[in-house]
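This report refers to the structure that appears directly beneath it.
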Amino acid sequence: MSDLDLTTPEGGVAAAESAADSAGSDVRAGSESGASSGGGEFKAITSQEALDAILTKRLERAEKASSKKYGETIKSLEDKIAAFETEKLSESEKLQKRLEDAEKLASERAGELTKLQRERQVFDLAQEHELPRALWDRVRGDTDEEILADIEALKGVLPGKPETKGGFPQGPTRTTVTPTGDAADPGDLTADDILKSLSYSAFPQSSY
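Positions 1 to 208 (the UniProt record's numbering) are the ones given, in order, by the sequence shown.
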């Protein structure tokens, strides 16, 4: 019976039939042995119930052996399927990781491009509207309208340039007068020197 393949339904049926045949052979062998030895009283199987009981025990043993072998085969198949699923999942996780890395890199590149484009916007608008270079980093906003509004706000808080009236500088001015005794360049005279020279020339001195 060891040569039978218990992993198939046909093998299981064959095993059961073999067990039944073996039971019959054992019964016959026991009868002959008891008769030849003369030892003990032999009880012949005279009813179907007794034969069924013997066959049932044989079939139970065959079923247990078959179930054990089937169980081992099923467990082996389950292990192989689990290993395959694990390997498949690992490949899927690797692909997912690569996809996430690619998306992250694309997002970083897009962020850098957006930053460069905004810097170019600020450069063009700040230069066009004469905002001092030192204030370019303070400009806020993303659209042209927002950037331009912030540029105008920054320009509004800048200190104004001092204005002059009539084209003359405010306050006293000094010039250097040469000490050589030569006629000084009018550009080197002070305002007081010019007034003095005008006073003397307007009123000629007397000869006495």
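Each residue gets a CB set at the ideal place from its N, CA and C atoms; glycine is no exception. Since the model is a prediction, treat every value here as computed from it, not as a measurement.
Linking glutamate 85 to arginine 98 through their CA atoms gives a straight-line distance of about 20 Å. Under the three-pair Cβ rule at 8 Å, the region 144-157 counts as touching the region 120-132. DSSP places arginine 133 in the helix class (H, G or I) of the three-state scheme. Leucine 125 carries a helical assignment under DSSP once its states are collapsed to helix, strand and coil.
Inclusion of valine 122 and valine 139 in the CB contact set at 9 Å is warranted, their separation being smaller than that value. Annotation for aspartate 142: no alpha helix (DSSP H) segment contains it, and DSSP assigns it neither H nor E.
In this structure, DSSP gives threonine 114 a helical state, which the three-state scheme calls helix. Contact between aspartate 144 and leucine 125 holds: their C-beta atoms lie close to 7 Å from each other, under 8 Å. The C-beta of arginine 61 has fewer than 16 other C-beta atoms within 10 Å across all chains shown, which makes the residue exposed.
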